[in-house]
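Peer 1: Quick note, the sequence shown lines up with residues 5 to 321 if you use the working numbering.
Note that CB positions come from ideal geometry on N, CA and C, so glycine has one too.
As the structure is a computational prediction, the values presented were derived from the model and not from experiment.
Before I ask anything, here is the structure I am working with.
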Amino acid sequence: MLIYLGNDFSWPSPVQIFIGVSMTRLPRIKYFVGLGCLSFLFIGCAEEPVATTTPPTAFQSQRPAPLVGGNQGEWKLVWADEFDGTSIDTDKWAFETGQHGWGNNEWQNYTDGENASVSDGTLKIVAKKVGPGQKAGDYTSSRLNSKQSFTYGKIEINAKMPDHKGKGLWPAIWMLGDSIRGGKWPDCGEIDILEYVSFQEDTIHCAIHTKANNHKDKTQVDFHQKFEGAEEDFNVYGLIWTEDQLVFYTGDPTKVKMTFDRPKDFTPENWPFDKPEFLLLNMAVGGGWGGKEGVEDEKIFPATMEIDYVRVFQKSK
Ligand SMILES: [Ca+2]
């Protein structure tokens, strides 16, 4: 998920969030003006991911049975949400709200829970059209951040993208370094386990963003592949994050999509991935990438991304 927020962006304080101060009320004017020209770079590089590793392997997977005991060999389950209840577990997730475009000229307003629910074993993130359309604020959606952060581990999310009905949706499953709060993007490090844009049917993306590798400078590291069934079936989107590499896979760890090795001469600029990151689940409407070919108002809403589970494993120390 591309979230360039500008160098002078300040994450809202817990107090601001608590009292409901809108992100749009923050002093962001100079950011929008100052970065207007950068949007060209932003859009241009986001739209053409570059394959960086193994050839694509198209396959479909079934929704797996629940793990007995939760562990996978040496990987011990340390955090999970199976979404088996009847509501969002707010001990695990926080809604991030706002309608300021999220650095991408996105059109949705992220609400405080109205666009997400748990039922029948899955989390549903639902994007809706609530106004005339074709402009910011005429849509609502949801963005959930995990309250817990992780450093290293194996992370698996079993998810189904929205039914393919048309263009304009941009769901994502991703991670951001905790230092985004009060710090800078992309210095904090971003790990995009899955991105999907609905103008590209049957196609999935993964990526990393760091100060040294980002789309602003056309130095990003990303990968995309044709993937039949992304919209019809639940599929596991996985990441194995160790001290010296990030491995992205779909289905199981033998089906690697992309590997990003820690640079030999690693620095905080090219390898910020040695600090805690939190998980994000969201669905944007429009935006520099998701809306590149328009938002087909009359076709795509309501749109639902479903998530069967999120599981985080770590090795015993
Ligand atoms: Ca489930």
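By Cβ distance below 6 Å, which residues in the same chain neighbour Glu160 in space, the five residues on each side in sequence not counted?
Peer 2: Val240, Gly242 and Arg315
Peer 1: Skipping 5 residues on each side, what residues in its chain have a beta carbon closer than 7 Å to that of Pro267?
Peer 2: Asn274 and Trp275
Peer 1: Less than 6 Å between C-beta atoms, sequence neighbours within five positions excluded: which residues of the same chain meet that for Arg147?
Peer 2: Cβ neighbours of Arg147 beyond the five flanking positions: Glu100, Tyr114 and Asn286.
Peer 1: When the distance is taken between beta carbons, is Gly172 closer than 8 Å to Gly295?
Peer 2: The Cβ atoms of Gly295 and Gly172 sit closer than 8 Å to each other.
Peer 1: With DSSP run on the structure shown, which of helix, strand or coil describes Ser183?
Peer 2: helix
Peer 1: Classify Gln249: buried if its beta carbon has 16 or more other beta carbons within 10 angstroms, exposed otherwise.
Peer 2: exposed
Peer 1: Lys303 to Thr207, Cα distance in whole Å?
Peer 2: 19 Å
Peer 1: Looking at the structure shown, is Asp104 part of a helix, part of a strand, or coil, going by DSSP?
Peer 2: Before going on, a small fix: residue 104 reads as His here, not Asp. Here DSSP, grouped into helix, strand and coil, assigns His104 to coil.
Peer 1: Just to confirm the assignment, what range does the beta strand (DSSP E) spanning Lys169 have?
Peer 2: Looking at the DSSP string, Lys169 is not in any beta strand (DSSP E), and its letter there is neither H nor E.
Peer 1: Does DSSP classify Glu302 as helix, strand or coil?
Peer 2: helix
Peer 1: For Ser123 and Asp221, I'd like the C-alpha separation in whole angstroms.
Peer 2: 42 Å
Peer 1: Please report how far the alpha carbon of Tyr253 lies from the alpha carbon of Met262, in whole angstroms.
Peer 2: CA-CA distance, Tyr253 to Met262, rounds to 7 Å.
Peer 1: Three-state secondary structure (DSSP) at Lys220?
Peer 2: Taken through DSSP and simplified to helix, strand or coil, Lys220 comes out as helix.
Peer 1: Which residues mark the beginning and the end of the beta strand (DSSP E) in which Asn119 is found?
Peer 2: Taken as a continuous stretch (DSSP letters only), Asn119 belongs to no beta strand (DSSP E), as it is neither H nor E.
Peer 1: Which same chain residues, not among the five before or five after Glu205, have their C-beta less than 8 Å away from its C-beta?
Peer 2: His168 and Glu235
Peer 1: Under the three-state reduction of DSSP, which class applies to Asn286: helix, strand or coil?
Peer 2: strand
Peer 1: Under the DSSP definition of a beta bridge, which residues are partnered with Tyr323?
Peer 2: Here the chain covers residues 5 to 321 and nothing more, so residue 323 does not appear.
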